[in-house]
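Chains Z and L supply the protein sequences, listed in that same order.
Converting from the first sequence to my numbering requires adding 24 to each position, the first position being numbered 1.
Converting from the second sequence to my numbering requires adding 441 to each position, the first position being numbered 1.
See structure below.
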Amino acid sequence: MLEIKNLKKSYDGVTILHDINLAIDDGEIVSILGPSGCGKTTLLNLVLGLADADEGEILFQGENVLNVPMEQRGFNIVFQDYALFPNLNVYKNITYGLRNNPSISTRQEVEDLIDLLGLREHLDKKIEQLSGGQKQRVALARTMVMKPKILLLDEPLSALDGVIKESIKAKIKQIARDYHLTTIIVTHDPEEALTLSDKVLIIQNGTISQYGKPDDIIQKPENDFVKEFILNQLLIKKNNIFTLFRQGNEPKIAAQVG
Amino acid sequence: MNRRKENEIKGIFGLVVLVFLIFLLIPLARLFLKSFMGDTGLMLGHYAEVLTGRGFLEAFGNSLLISSVSAVVTTVLAFILAYAVHYCNLPGGYKGFINRAAVAPMLLPTITYGFAIIYSFGKQGLITQLFGTQLFDIYGFNGLLLGYVIYTLPVSFLLLSNTMSYVDKKFSIVSRIMGDSPFATFVGTVLRPLLGTLAASFVQCFFLCFTDYGIPASVGGEFEVVATVLYNEMLGSVPNFSRGACVAMMMLIPSVVTIALLHYLEKYNIRYNKISQIEIRKGAVRDAVFGVLSALILLCVLSVFAVIFVVPFVDEWPYRIRFTLEHVISVFSDNSLITVCRNSLIAAFLTAAVGSLTTYGAALTTARSHLPGKVKQVIENISLITNTIPGMVIGIAYMLVFSGTPLQNTLFIIIICNVIHYFSTPYLMMKSSLTKMNASWETTAMLMGDTWLKTIVRVVTPNAMGTILEVFSYYFVNAMVTVSAVIFIAGARTMVITTKIKELQYYTKFNEVFVLSLLILAVNLAAKSLFHYIATDRQKVKVKKTARRPVVSKSIS
Chain Z
25 MLEIKNLKKS YDGVTILHDI NLAIDDGEIV SILGPSGCGK TTLLNLVLGL ADADEGEILF
85 QGENVLNVPM EQRGFNIVFQ DYALFPNLNV YKNITYGLRN NPSISTRQEV EDLIDLLGLR
145 EHLDKKIEQL SGGQKQRVAL ARTMVMKPKI LLLDEPLSAL DGVIKESIKA KIKQIARDYH
205 LTTIIVTHDP EEALTLSDKV LIIQNGTISQ YGKPDDIIQK PENDFVKEFI LNQLLIKKNN
265 IFTLFRQGNE PKIAAQVG
Chain L
442 MNRRKENEIK GIFGLVVLVF LIFLLIPLAR LFLKSFMGDT GLMLGHYAEV LTGRGFLEAF
502 GNSLLISSVS AVVTTVLAFI LAYAVHYCNL PGGYKGFINR AAVAPMLLPT ITYGFAIIYS
562 FGKQGLITQL FGTQLFDIYG FNGLLLGYVI YTLPVSFLLL SNTMSYVDKK FSIVSRIMGD
622 SPFATFVGTV LRPLLGTLAA SFVQCFFLCF TDYGIPASVG GEFEVVATVL YNEMLGSVPN
682 FSRGACVAMM MLIPSVVTIA LLHYLEKYNI RYNKISQIEI RKGAVRDAVF GVLSALILLC
742 VLSVFAVIFV VPFVDEWPYR IRFTLEHVIS VFSDNSLITV CRNSLIAAFL TAAVGSLTTY
802 GAALTTARSH LPGKVKQVIE NISLITNTIP GMVIGIAYML VFSGTPLQNT LFIIIICNVI
862 HYFSTPYLMM KSSLTKMNAS WETTAMLMGD TWLKTIVRVV TPNAMGTILE VFSYYFVNAM
922 VTVSAVIFIA GARTMVITTK IKELQYYTKF NEVFVLSLLI LAVNLAAKSL FHYIATDRQK
982 VKVKKTARRP VVSKSIS
C-alpha cells in the first residue's frame, strides 16, 4: 500500500502541488491524468524520489519514505524517452542493473521477461535499430529486471501509435497482474487512463480533481473540469467512432490486440 | 536532501576552476599590474611612454589596416569557395577537394607561411622564376596580406560552409515561385541569412590577423605591427617587460572588442535544425564561374606551399637544382633537432590528452549536472575569456609569472598553456555533444545501482567518444602548429618545432625550416587520418549492423 498524505511542492515560491492525499493498493494500476503543466510529472518525481517535497508524507507499507534517497527507495521508472543506452545492445541494456547487483534477478527470470515482452529476436540489435514500441519494451524489461516495488511510467504510450499502443497497454496490464506490481502511470490522454487503469487520479491546477475507478469517473464526475475536459473529449471521440461504424458500415474483421 | 549530492561533479568543477585560476587569471592579473608598475608604485607612465613612443601608434594603425583588409579579402574568397560547394552543380569529387584544400593551411604553423611566401614570390622564388619576374614586393603589406589570407581562409571557409549547409534551400524555391529576379533570390535567400556569419567571419579573421606573430615575423619587413612590437619589447635587443606588458594590454583591447562583437553577432545567426537536401538549380555559367574561381583561389594557396616540397629536396635553391636528400638526412642526424621533434610530439600528445580531459570535465559540469546556473556560468565565462586572450598575451603573462619558478622551461608549462589557449572551441564542441544526450541516463543508471562515476564510464563516455576524438585531434594539431604563446615560454631544453623554426630563421637555415615544416605537416596529416579512421570505423560498425536489420520486424504476440 502506498499512501500519500498532505503532499506539497513548490519551486521558487510557486506552488506546483498541494493537498495531495491518496492511497494505492498493492498490485493496482493507477493513472495520473491531467493537462500539461498540472503537476502530474512532479507528483511522479516526488514518489520516485527525484524531487524533494516541501511538506507531507509518502508512506510505503506504512513507512515514510520521503527521506529515503531515490536509489534506496526501490521504486523504478521508465522515462518517456526511454533513456536507453545507445552504446549497448538490447541484451546489455536489459541486464545493465545485473552488473551492479548480480543477484537481483535470476537468469531464468530475465529470460522470462525477454519472452514476455517479445524481445528474444532483438537481443543483439543496437538501440537505434529499434522501433518506438520495441524501445518501450526494452526499457520496461530493463526496469523489471530490477524488481521494483513500484513501477512508474512517464507517458509510456504518447510516442507510440495505433495498434502498437494497444499492444503495449496489454503488456503493462499483464506485467502488473503477473508480478502483482503497483504501477503508476502519467498520461495526458483520458482514453489511455480510463482504459488502462484500475483507478484514475485526475489532477488540475496542482491538486486532486477526482480520484476513483474509471466507471465512477464516467458515471459520477465530481466537478466541471472532469465533465468538460475529460468526459467531453471522450464523448466527441465516441461519437466520431460511432459515426464511422454506423449501422451497415461495420468492418468485416474482428479486433485483435497484440 | 534525497537528490544526489553530485560530489564528484563538484570536485571536477573545483579542479577546473583551480587550473584556470592558477594558469589564467593570476597570470593575467600579474600582467595587468606589471603594465602599471613603475619605480614608484602604480602609475600610467608606461602607457604614456608606449603611446607617445615612436612606432607604436603607427604599428597599431598598421595592424588595424592590414587586419581589416585581410579579413575582407578572406571572407570574400571563402564565400566563393563555400558557394561553389553548396550552391553549384560541381562534381562531388571536386567539392571534396575544395573542402579539404581550403582547410589544408591549418596543418602548418603560420611562421612557415611567411617563409613559403619568401621562397615563392621573393627575388629567387619558385613562382618568380616561373613568371620570369617578381610579381610584387613581398616584404610589408603585400606579403602580410597574402600570409594572413592564407592563414584565415580555413576558419572563414568553415564558418561560412557550416552556415550554408544549414540555410534552408527551400526558401530559394519559394522566392523563385513568387517571381523574384535571380539577383533578388540570391540576396534574399543566400546573402541575407548569411549576413551574421559573414560579419562573424570578418571579425574572427580580424582577430586572428591582429594577434598572429608567425607571419609578420617572417615577411613583415619594415611594416611594423603590434605583434612584432610586442615581441621586440619582450625578447628584442633591449627588452622592457613593463612596456611589453603595456603593449600586451593594448593588444587585448581589440581582442575583447572583437569577441564581444562575435557574441553580439551570434544573435543574428540563423539556426535550422536539419539540413534540407534539394536539387540545385541548373546553371552552367554559374557552375563554370565558381568552379574556375575556386580552382584559382586554391591554386594560389597551394602554390605558395609547393615550395616547401621543393626547396628542402634540392642541393642549393635556386642555384643548384638537383634532387638530394642531404638536407633531410642532416636534419635527422642533428641531435638537437631530434630532441625538438620529440618535445613537439610529447607536448602535442599530452596537450591533446590533458585538453580532452579538461574540456570533458568542464562540459560535464555545465551539460550534465544540476549545479546552480551561477556556478555553470563560471565555466562559460572561463571559456569566453580563453577565447578572447591572444596567445602572445598568455605567453607573456606566463613569462612574467613563472620565470624563476620550477615550472620555467618545462614541457608542463607549454602543455598547460596550449590547453588553456585553445580551450574555448573544444569545450563548446564537447558541451554541445553532451547536451544532446538523453537527460535521464544518469537517473536511470542510478536506479539500476550505478554510481555517478560508473555511469560516466559505462554510458556517457562511450557515447561521447566521437566528439572526444575530435577534440583530441583539434588540440593535437593546434599544439603542433602554435607559435605565438610558446615563443615566450619555450626554453633551451623545451624547444618545440615551431620555436626552433624561429631560431633557425635567425641563422637563415631555411632548408631546416622547410624540413621541419614538412614534418609538422606529415605528423598532422597522419594524426588527423588516424583519428578520422578511428571515428569512422566506429560508425562503420553501426552501419553494418543496421544493414543486417530485418526488413519486417515481427510485432509482439
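Glycine included, C-beta positions come from ideal geometry on N, C-alpha and C.
Taking a contact to mean a Cβ-Cβ separation below 8 Å, would you say residue i touches residue j in this structure?
i        : j        : result
Z:Lys159 : Z:Tyr235 : no
Z:Asp56  : Z:Asn45  : The amino acid at residue 56 of chain Z is misidentified as Asp; the sequence shows Ile. No; because the gap between Cβ atoms is not below 8 Å, this pair is not in contact.
L:Ala886 : L:Leu472 : no
L:Ala523 : L:Leu601 : yes
L:Cys650 : L:Ala512 : yes
L:Tyr654 : L:Met833 : yes
L:Tyr801 : L:Met871 : yes
Z:Asp50  : Z:His204 : yes
L:Gly951 : L:Phe556 : The question names Gly, yet the displayed sequence has Phe at residue 951 of chain L. A contact, by the Cβ cut-off of 8 Å.
L:Thr939 : L:Ile552 : yes
Z:Arg144 : Z:Ile138 : yes
Z:Leu122 : Z:Val54  : no
L:Val460 : L:Thr806 : no
Z:Leu220 : Z:Ala163 : no
I need the straight-line Cα distance from residue i to residue j, nearest angstrom please.
i        : j        : result
L:Arg684 : L:Ala470 : 16 Å
Z:Ser34  : Z:Gly73  : 15 Å
L:Tyr863 : Z:Gln198 : 56 Å
Z:Leu255 : Z:Thr231 : 19 Å
L:Thr987 : Z:Glu179 : Reliability of the predicted coordinates at L:Thr987 is poor, the pLDDT of 41 falling under 50, and the value obtained from them is presented with this limitation in mind. Answer to the nearest angstrom: the Cα atoms are 28 Å apart.
L:Tyr589 : L:Ile656 : 7 Å
Z:Phe266 : Z:Ile260 : 10 Å
L:Met442 : Z:Val92  : The pLDDT assigned to L:Met442 is 39, lower than 50, so where the model puts this residue is not dependable; a value taken from the coordinates is nonetheless given after this. Near 9 Å, if we compare the C-alpha coordinates of Z:Val92 and L:Met442.
Z:Val102 : Z:Leu68  : 11 Å
L:Ala793 : L:Gly452 : 22 Å
Z:Glu274 : L:Phe624 : 59 Å
L:Ile539 : L:Ser865 : 27 Å
Z:Ile304 : Z:Asp202 : A question about residue 304 of chain Z goes unanswered here, because the residues of chain Z that appear run from 25 up to 282.
L:Leu571 : L:Val748 : 12 Å
L:Asn879 : Z:Ala47  : 33 Å
Z:Asp36  : L:Pro813 : 13 Å
L:Arg569 : L:Phe577 : This sequence places Thr at residue 569 of chain L; Arg is not what is there. Using only the alpha carbons, I get a separation of about 9 Å.
L:Asp891 : L:Thr923 : 42 Å
L:Cys529 : L:Lys536 : 9 Å
L:Ser696 : L:Lys610 : 35 Å
Locate the beta strand (DSSP E) running through residue i, then write down its first and last residues.
i        : result
Z:Val54  : 53–57
L:Val937 : That residue, L:Val937, is in no beta strand (DSSP E); it is neither H nor E in DSSP.
Z:Asn69  : Note, Z:Asn69: premise wrong, no beta strand (DSSP E); alpha helix (DSSP H) at 64–72.
Z:Phe84  : 79–84
Z:Gln104 : Premise fails: Z:Gln104 is in no beta strand (DSSP E) and is neither H nor E.
L:Glu757 : 755–757
Residues of chain Z with a CB under 7 Å from the CB of residue i: which are they?
i        : result
L:Pro903 : Asn111
L:Val900 : Phe109, Asn111
Could you spell out where the alpha helix (DSSP H) holding residue i opens and where it closes?
i        : result
L:Ser925 : Careful: L:Ser925 lies outside any alpha helix (DSSP H) and carries neither H nor E.
L:Thr569 : 567–572
L:Ala736 : 725–751
L:Phe624 : 623–627
Z:Glu95  : 94–97
L:Ser999 : Because chain L spans 442 through 998 in this model, residue 999 of chain L falls outside it and cannot be assessed.
If the cut is a Cβ gap below 7 Å, which residues of chain L does residue i touch?
i        : result
Z:Asn100 : Leu888
Z:Ala107 : Asn879, Ser881, Trp882, Thr885
Z:Phe103 : Ser881, Thr885
Whose Cβ in chain Z lies nearer than 9 Å to the Cβ of residue i?
i        : result
L:Val745 : Ordered by position in chain Z, no residue passes the 9 Å Cβ test against L:Val745, which lies about 44 Å from the chain.
L:Thr827 : By Cβ distance, chain Z contributes nothing, its closest Cβ being about 31 Å from L:Thr827, past 9 Å.
L:Asp653 : Neighbours of L:Asp653 on chain Z: none; closest Cβ ~41 Å, over 9 Å.
What does residue i touch in chain L if you count any residue whose Cβ is under 9 Å from its own?
i        : result
Z:Ala200 : Per Cβ cutoff of 9 Å: no residues; Z:Ala200 is ~17 Å from chain L at best.
Z:Glu274 : Within 9 Å Cβ-Cβ: nothing; Z:Glu274 doesn't reach chain L, min ~24 Å.
Cβ closer than 8 Å: which chain Z residues qualify as neighbours of residue i?
i        : result
L:Asp609 : Near L:Asp609 there are no residues of chain Z at all, since even the closest Cβ is about 26 Å away, more than 8 Å.
When every heavy atom of the ligand ATP is checked, does at least one fall within less than 7 Å of the C-beta of residue i?
i        : result
Z:His212 : Of ligands this structure carries none, so the ligand ATP is not represented either.
Problem set entry | Residues from the region 109–124 of chain Z in contact with chain L, defined by Cβ distance under 7 Å | Listed in sequence order: Phe109, Pro110, Asn111, Tyr120, Gly121, Asn124.
Exercise. For the region 872–883 of chain L, which residues have a beta carbon sitting closer than 7 Å to at least one beta carbon of chain Z?
Worked result: Taking 7 Å as the Cβ-Cβ cut-off against chain Z, the residues of the region 872–883 of chain L that qualify are Asn879, Ser881, Trp882.
Exercise. When you check each C-beta in the region 165–191 of chain Z against every C-beta of chain L, which residues fall closer than 7 Å?
Worked result: When C-beta distances to chain L are compared with 7 Å, the residues of the region 165–191 of chain Z below that value are Met170, Ser191, in chain order.
Exercise. Of all the residues that make up the region 49–81 of chain Z, which are near chain L by a beta-carbon distance shorter than 7 Å?
Worked result: Answer set for the region 49–81 of chain Z: Gly73, Leu74, Asp76.
Problem set entry | Members of the region 230–253 of chain Z near chain L, C-beta cut-off 8 Å | Here the close residues number zero.
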